[in-house]
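J.: Once you've had a glance at the structure underneath, I'll fire off some questions.
Protein chains: 2
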Amino acid sequence: MAFPKIKIGMVGLGTVGSGVWKILHRHQALLSQRAGAKLEISKVIVRSKKKKRPVRLPAKVLNSNIQTVLDDPEIKLIVEVMGDVRASRQLALKAFRAGKHLVTANKALLALHGKELFQEAKKNRVDICFEAAVGGGIPILRALREGFVGNRIDSLYGILNGTCNYILTEMSERKTSFPETLKQAQKLGYAEADPRFDVGGIDAAHKLAILVSIAHGVFVDFPKIFVEGIQGITPFDLECADRFGFEIKLLAITKKNGDKIQARVHPTMISKDSMLAAVKGVNNAVFLEGDFVGEGMLYGRGAGSEPTASAVVGDIVEVARNILAKVAYTVPPLGTHAAHIGNAAIEPIGEWRGPYYLRFQAIDRPGVLAQIAKILSEFGISISAVHQQVREEGREVPIVVLTHDAQEKSVVKAIAKINRLKNIRRATTLIRIEEFCQ
Amino acid sequence: MAFPKIKIGMVGLGTVGSGVWKILHRHQALLSQRAGAKLEISKVIVRSKKKKRPVRLPAKVLNSNIQTVLDDPEIKLIVEVMGDVRASRQLALKAFRAGKHLVTANKALLALHGKELFQEAKKNRVDICFEAAVGGGIPILRALREGFVGNRIDSLYGILNGTCNYILTEMSERKTSFPETLKQAQKLGYAEADPRFDVGGIDAAHKLAILVSIAHGVFVDFPKIFVEGIQGITPFDLECADRFGFEIKLLAITKKNGDKIQARVHPTMISKDSMLAAVKGVNNAVFLEGDFVGEGMLYGRGAGSEPTASAVVGDIVEVARNILAKVAYTVPPLGTHAAHIGNAAIEPIGEWRGPYYLRFQAIDRPGVLAQIAKILSEFGISISAVHQQVREEGREVPIVVLTHDAQEKSVVKAIAKINRLKNIRRATTLIRIEEFCQ
Numbered sequence: 003m004a005f006p007k008i009k010i011g012m013v014g015l016g017t018v019g020s021g022v023w024k025i026l027h028r029h030q031a032l033l034s035q036r037a038g039a040k041l042e043i044s045k046v047i048v049r050s051k052k053k054k055r056p057v058r059l060p061a062k063v064l065n066s067n068i069q070t071v072l073d074d075p076e077i078k079l080i081v082e083v084m085g086d087v088r089a090s091r092q093l094a095l096k097a098f099r100a101g102k103h104l105v106t107a108n109k110a111l112l113a114l115h116g117k118e119l120f121q122e123a124k125k126n127r128v129d130i131c132f133e134a135a136v137g138g139g140i141p142i143l144r145a146l147r148e149g150f151v152g153n154r155i156d157s158l159y160g161i162l163n164g165t166c167n168y169i170l171t172e173m174s175e176r177k178t179s180f181p182e183t184l185k186q187a188q189k190l191g192y193a194e195a196d197p198r199f200d201v202g203g204i205d206a207a208h209k210l211a212i213l214v215s216i217a218h219g220v221f222v223d224f225p226k227i228f229v230e231g232i233q234g235i236t237p238f239d240l241e242c243a244d245r246f247g248f249e250i251k252l253l254a255i256t257k258k259n260g261d262k263i264q265a266r267v268h269p270t271m272i273s274k275d276s277m278l279a280a281v282k283g284v285n286n287a288v289f290l291e292g293d294f295v296g297e298g299m300l301y302g303r304g305a306g307s308e309p310t311a312s313a314v315v316g317d318i319v320e321v322a323r324n325i326l327a328k329v330a331y332t333v334p335p336l337g338t339h340a341a342h343i344g345n346a347a348i349e350p351i352g353e354w355r356g357p358y359y360l361r362f363q364a365i366d367r368p369g370v371l372a373q374i375a376k377i378l379s380e381f382g383i384s385i386s387a388v389h390q391q392v393r394e395e396g397r398e399v400p401i402v403v404l405t406h407d408a409q410e411k412s413v414v415k416a417i418a419k420i421n422r423l424k425n426i427r428r429a430t431t432l433i434r435i436e437e438f439c440q
Numbered sequence: 003m004a005f006p007k008i009k010i011g012m013v014g015l016g017t018v019g020s021g022v023w024k025i026l027h028r029h030q031a032l033l034s035q036r037a038g039a040k041l042e043i044s045k046v047i048v049r050s051k052k053k054k055r056p057v058r059l060p061a062k063v064l065n066s067n068i069q070t071v072l073d074d075p076e077i078k079l080i081v082e083v084m085g086d087v088r089a090s091r092q093l094a095l096k097a098f099r100a101g102k103h104l105v106t107a108n109k110a111l112l113a114l115h116g117k118e119l120f121q122e123a124k125k126n127r128v129d130i131c132f133e134a135a136v137g138g139g140i141p142i143l144r145a146l147r148e149g150f151v152g153n154r155i156d157s158l159y160g161i162l163n164g165t166c167n168y169i170l171t172e173m174s175e176r177k178t179s180f181p182e183t184l185k186q187a188q189k190l191g192y193a194e195a196d197p198r199f200d201v202g203g204i205d206a207a208h209k210l211a212i213l214v215s216i217a218h219g220v221f222v223d224f225p226k227i228f229v230e231g232i233q234g235i236t237p238f239d240l241e242c243a244d245r246f247g248f249e250i251k252l253l254a255i256t257k258k259n260g261d262k263i264q265a266r267v268h269p270t271m272i273s274k275d276s277m278l279a280a281v282k283g284v285n286n287a288v289f290l291e292g293d294f295v296g297e298g299m300l301y302g303r304g305a306g307s308e309p310t311a312s313a314v315v316g317d318i319v320e321v322a323r324n325i326l327a328k329v330a331y332t333v334p335p336l337g338t339h340a341a342h343i344g345n346a347a348i349e350p351i352g353e354w355r356g357p358y359y360l361r362f363q364a365i366d367r368p369g370v371l372a373q374i375a376k377i378l379s380e381f382g383i384s385i386s387a388v389h390q391q392v393r394e395e396g397r398e399v400p401i402v403v404l405t406h407d408a409q410e411k412s413v414v415k416a417i418a419k420i421n422r423l424k425n426i427r428r429a430t431t432l433i434r435i436e437e438f439c440q
């Protein structure tokens, strides 16, 4: 049986683009049998045609003028894997207006300009697919839009940045410091030369913005997402966590609390017995609770050329199947039809209530703990456990306090007051504890 | 905005059916906004209209004549949740011929009659959806057909029966015997009055048949799947597993080995560090390795009214979205287009090679271990570890041997010869060990 041919234009040929090219070539027959069409990348846009790349492409496929894919009437589908936000937005808008479907792996693009892009795609009745933007090879967006569609998503916890999870796993297992472990991660290619985007939590927040939109059917104003990175975590914190039965993970969290939606990224202590605690190294996972399905988790490689390309190819096949059926947009990109998507009322982090791990760096003198405890109690914060191993009169030592449920804004005020004490030498470290049912 | 209405006929109102009714009612508005249509169950077929049920339905909805849903021209979609294989097959074929789409949770139906049903559905251009048949609320079938579509699935390991996983978890944690734990599971409603279907591995094998078909794009001759249940596992085996760094799980496994496909269900020892080992109690999970995506896992509730109903509702929404777009069959039900689905060449279990855990029940006399070791070596089986804790001259004691990779048919022959030794009092227990990369 001869398959109809679907021509694809790909913009970008870096890590992800090379992976996409590789999959479409290695699995050409398999993909035809699954998609019902022969998938052919007929044009690839690159900045320089001479650069060395991990894949070899016929010269006639390469082109450095982005307009050529937009102008090619045979190309029905554009795959955007260049990364840059400004250029991607322009490309996406032009593609939609030219009636072409778009597959993108660009999480920042969607987190910052999603609303505009979804509207434009809908107006032109074309598909916009972006599974690769969240969790690499993990098909979590599809799961939320389709498999879990019968549920209100009460809570969702994601390990969405492999760099952070690798660093925290290594620091915990090898007792190495953050800067040392980061250097190691960079050497292994698990962290960028400029790591702030990853370790600062921004990358995870971009992905969370997309998840919040699909989970709750809302648009998210990105700056309203609370973001805290892992730079302040020490091997001592990980050791204490271990002693209290916890692991520390950078979690991207969203919960529904009446009309309010929580959306926050920060280092979090979770029980060692939880499924998320078993997620080590560069792996990603999303754990969720739906009101009917109960708890669920999807786990896998969150980044890298081939896992991300696998997700892009999943989207290419979806668009191809739709092109063959002469439909688009059967599943709305955010899972909810556009007319019913409102703006998210994001709850300020100050409203959060839960238990905390607090590490005070204090000069070891009699009465310091009493001072700390007194201030905490002034703000209505009650202590569930205290840990102070080292005793060295007159030297700086860490004092660890675990609290019962307390409100963030009270905790922040209490800490500000404590940080002003004469015997406190550095800013206090605060780590939120999540006790999700399991 | 007024939504178009899609009328549904549901056949069966037991555990799953009640859950479906509940979701469609509690989430009527949410589902309309997500599906783009108002979903209404206009007829429910039950055997007795007077039976007490967990949900209250208007009397006019209930009907005991199955033909009424088939004859109702307004009903475009039939949800089959009655369970019985014969009746379901008849219903499915009649539904397809009447041009109606079908959603079913019936794994036995698909494992035994899938080929016939898929052909008939295709002929009539209607959808057949069955996400709830495998892994309850876990959207694994969709993930294989869509998200992972760019991969050759090299291996897949499923914990697909909550009853077995509950029993093994309890036996391991509480050191209780199989019969005692089974009784407890029955009391809690985690096991049926006739538990053979679950603990014997048949239920998991039905689900595996479906997974094999989608993962590899093949039809499976169900009797060719090797099935072994958990009835022979003792607390002693679990204790030994623990000592060697393993957990015992009932796994449904499929691997691609050139043109041959492995498809087998049996108790399996896996490393405690693996993600599957973290799956406790009644939960299910599917772990897989794709050639591009690498490792992935989906985890969640594998059974129960609401998780299973959540999966059924996911399928209902899929069909509804297709009805609105006036398409069907855009994603083939087995992920591969029918013309390219062949029959699976299932590798006989005798061809399997791997390490084994062997427990011999021997009379403790000098030389017994030597006899066992000699026979194993005759068959080319080499020992990696031996464990014999109790020494009680003249009494029956367990002798545990771990082997290096060995071939199943040699192991079976060696065991048969060993079982004939004068000092061996019972059939030897054999548990396969899977060392999947992680």
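Line by line, the protein sequences are chains A and B.
Numbering of the first sequence is given in my numbering, commencing with residue 3 and proceeding in unit increments.
Numbering of the second sequence is given in my numbering, commencing with residue 3 and proceeding in unit increments.
Every residue, glycine too, gets a C-beta built ideally from N, C-alpha and C.
All values derive from a computational prediction rather than experimental measurement.
Quick check on B/Gly11 - is its C-beta less than 8 Å from some C-beta in chain A?
T.: Within the second sequence, numbered from 1, the residue matching residue 11 of chain B stands at position 9. No, its Cβ sits nowhere closer than 8 Å to a Cβ of chain A.
J.: Which residue's Cα is closest to the Cα of A/Pro368: A/Pro350, A/Val399, A/Thr338?
T.: One-based indexing of the first sequence puts residue 368 of chain A at position 366. Selected option, being the one with the closest Cα: A/Val399.
J.: B/Phe221 by DSSP, collapsed to three states: which one?
T.: In the second sequence, residue 221 of chain B corresponds to position 219, counting from 1. Here B/Phe221 sits in strand by DSSP.
J.: Report the CB separation of B/Phe150 from A/Gly316 in whole angstroms; it is logged as a contact under 8 Å.
T.: The residue labelled residue 150 of chain B in the question sits at position 148 within the second sequence. The residue labelled residue 316 of chain A in the question sits at position 314 within the first sequence. Confirmed, about 7 Å.
J.: Give a yes or no on whether the C-beta atoms belonging to B/Ala311 and A/Phe294 are separated by under 8 Å.
T.: As a working mapping, residue 311 of chain B is identified with position 309 in the second sequence. As a working mapping, residue 294 of chain A is identified with position 292 in the first sequence. Closer than 8 Å, so yes.
J.: Is there a Cβ of chain B sitting closer than 8 Å to that of A/Met271, yes or no?
T.: Along the first sequence, read from residue 1 onward, the residue named residue 271 of chain A stands at position 269. No, A/Met271 lies away from the interface with chain B (no Cβ there is under 8 Å from its Cβ).
J.: Using DSSP bridges, identify the partner residues of B/Met454.
T.: No answer is possible for residue 454 of chain B: the residues shown for chain B start at 3 and end at 440.
J.: Note down, one range per segment and in chain order, each beta strand (DSSP E) of at least 3 residues found wholly within the stretch 357-387 of chain B.
T.: With a minimum length of 3 residues, the continuous beta strand (DSSP E) runs that stay inside the stretch 357-387 of chain B are 358-365.
J.: First and last residue of the beta strand (DSSP E) that includes A/Met271?
T.: In the first sequence, counting from the first residue as 1, residue 271 of chain A sits at position 269. Note, A/Met271: beta strand (DSSP E), 262-273.
J.: Hey, does A/His2 have any beta-carbon neighbour from chain B nearer than 8 Å?
T.: Outside the displayed span of chain A (3 to 440) sits residue 2 of chain A, for which this structure offers no information.
J.: If you compare alpha carbons, which of A/Leu95, A/Leu41, A/Ile8, A/Ile435 is closest to A/Ser276?
T.: Here residue 276 of chain A refers to the residue found at position 274 when the first sequence is read from its first residue. The option with the nearest alpha carbon to A/Ser276 is A/Ile435.
J.: What separation, rounded to the nearest whole angstrom, lies between the Cα atoms of A/Trp354 and A/Gln409?
T.: As a first step, residue 354 of chain A is located in the first sequence; it is residue number 352 there, counting from the start. As a first step, residue 409 of chain A is located in the first sequence; it is residue number 407 there, counting from the start. Each residue's Cα considered, the two are about 6 Å apart.
J.: Chain B beta carbons: is any one of them nearer than 8 Å to that of A/Tyr301?
T.: Here residue 301 of chain A refers to the residue found at position 299 when the first sequence is read from its first residue. So, interface residue.
J.: May I have the straight-line CA-CA distance separating B/Gln440 from A/Val284, to the nearest angstrom?
T.: Walking along the second sequence from the start, residue 440 of chain B turns up at place 438. Walking along the first sequence from the start, residue 284 of chain A turns up at place 282. Below a pLDDT of 50, predicted positions are generally treated as unreliable, and B/Gln440, at 45, falls in that range; no measurement from the model is reported.
J.: Sort out for me which residues DSSP pairs B/Cys131 with in a bridge.
T.: Mapped onto the second sequence, residue 131 of chain B falls at position 129. According to DSSP, which records beta bridges pairwise, B/Cys131 is partnered with B/Val105.
J.: For A/Thr70, report the span of its alpha helix (DSSP H) as first-last.
T.: Here residue 70 of chain A corresponds to residue number 68 of the first sequence, with the count starting at 1. Here the alpha helix (DSSP H) through A/Thr70 covers 69-73.
J.: May I have a chain-ordered list of the alpha helix (DSSP H) segments no shorter than 4 residues that lie completely inside the stretch 124-182 of chain B?
T.: Whole alpha helix (DSSP H) segments, 4+ residues: 164-176.
J.: Need the endpoints of the beta strand (DSSP E) that B/Phe248 sits in, please.
T.: Position 246 of the second sequence, counted from the start, is the residue given in the question as residue 248 of chain B. Unbroken beta strand (DSSP E) run through B/Phe248: 248-259.
J.: In chain B, which residues lie less than 7 Å from A/Ile25 when you measure between Cβ atoms?
T.: The residue given as residue 25 of chain A occupies position 23 in the first sequence. Neighbours of A/Ile25 on chain B, chain order: Gly152, Phe294.
J.: DSSP puts A/Leu432 in a beta bridge; with which residues?
T.: Taking the first sequence and counting its residues from 1, one reaches residue 432 of chain A at position 430. Per DSSP, A/Leu360.
J.: Between the stretch 318-333 of chain A and the stretch 121-128 of chain A, are three or more C-beta pairs nearer than 8 Å?
T.: Judged by Cβ distances under 8 Å, the stretch 318-333 of chain A makes contact with the stretch 121-128 of chain A, as three or more pairs qualify.
J.: Using the C-alpha atoms, what's the distance from A/Glu297 back to A/Leu290?
T.: If you number the first sequence from 1, residue 290 of chain A lands on position 288. If you number the first sequence from 1, residue 297 of chain A lands on position 295. Approximately 6 Å, taken between the alpha carbons.
J.: Which residues share a DSSP beta bridge with A/Asn345?
T.: Residue mapping note: residue 345 of chain A aligns to position 343 of the first sequence, counting from 1. A/Asn345 is bridged to A/Phe221.
J.: At 8 Å on the CB atoms, spell out the chain A contacts of B/Ala280, in chain order.
T.: For this step, residue 280 of chain B is matched to residue 278 along the second sequence. Going along chain A in sequence order, the residues near B/Ala280 (Cβ under 8 Å) are Met277, Ala280.
J.: Using beta-carbon positions only, say whether B/Lys96 and B/Leu64 come within less than 8 Å of one another.
T.: Counting from 1 along the second sequence, the entry for residue 96 of chain B is found at position 94. Counting from 1 along the second sequence, the entry for residue 64 of chain B is found at position 62. Not closer than 8 Å, so no.
J.: Mind listing the chain A neighbours of B/Gly219? Cutoff is C-beta to C-beta under 7 Å, in chain order.
T.: Sequence index remark: in the second sequence, residue 219 of chain B carries index 217 (1-based). Neighbours of B/Gly219 on chain A, chain order: Gln35.
J.: Check whether the stretch 318-326 of chain B and the stretch 184-203 of chain B touch, using three or more Cβ-Cβ pairs below 8 Å as the test.
T.: No, the stretch 318-326 of chain B does not touch the stretch 184-203 of chain B.
J.: With distance defined between alpha-carbon atoms, name the residue in B/Leu378, B/Gly152, B/Ile204 nearest to B/Ala430.
T.: Stepping through the second sequence from its first residue, residue 430 of chain B is reached at position 428. Note on residue identity: the sequence assigns Thr, not Ala, to residue 430 of chain B. Of the listed residues, the one whose Cα sits closest to B/Thr430 is B/Leu378.
J.: For A/Arg266, which option in A/Tyr159, A/Ile155, A/Phe98, A/Lys24 has the closest C-alpha, if you only look at C-alpha atoms?
T.: Here residue 266 of chain A refers to the residue found at position 264 of the first sequence. Cα-wise, what sits closest to A/Arg266 is A/Tyr159.
J.: Evaluate A/Arg428 with the Cβ neighbour count: other Cβ atoms within 10 Å of its Cβ, from every protein chain shown; 16 or more gives buried, anything less gives exposed.
T.: Start at 1 with the first residue of the first sequence, and residue 428 of chain A comes out as number 426. With fewer than 16 other Cβ atoms within 10 Å, it is exposed.
J.: To the nearest angstrom, how far is it from the Cα of A/Ile263 to the Cα of A/Lys257?
T.: Residue mapping note: residue 263 of chain A aligns to position 261 of the first sequence, counting from 1. Residue mapping note: residue 257 of chain A aligns to position 255 of the first sequence, counting from 1. Going from the Cα of A/Ile263 to the Cα of A/Lys257 covers about 6 Å.
J.: Going straight from the alpha carbon of A/Pro269 to that of A/Leu112, what length do you get?
T.: Your numbering for residue 269 of chain A matches position 267 in the first sequence. Your numbering for residue 112 of chain A matches position 110 in the first sequence. So the alpha carbons of these two residues sit roughly 24 Å apart.
J.: Spatial neighbours of B/Ser66 within its chain, please: C-beta separation below 8 Å, excluding the five flanking residues on both sides.
T.: One-based indexing of the second sequence puts residue 66 of chain B at position 64. These residues qualify, in order along the chain: Ile47, Val48, Arg49, Ser50, Lys51.
J.: Going along chain B in order, which residues have a C-beta closer than 8 Å to the C-beta of A/Asn425?
T.: Taking the first sequence and counting its residues from 1, the one referred to as residue 425 of chain A is at position 423. Within chain B, no residue comes near A/Asn425; the closest Cβ sits about 43 Å away, beyond 8 Å.
J.: Using beta carbons (cut-off 8 Å, strictly below), is A/Pro309 in contact with chain B?
T.: In the first sequence, residue 309 of chain A corresponds to position 307, counting from 1. At least one chain B Cβ lies under 8 Å of A/Pro309.
J.: B/Phe98 by DSSP, collapsed to three states: which one?
T.: Residue mapping note: residue 98 of chain B aligns to position 96 of the second sequence, counting from 1. Of the three classes helix, strand and coil, the one that applies to B/Phe98 here is helix, per DSSP.
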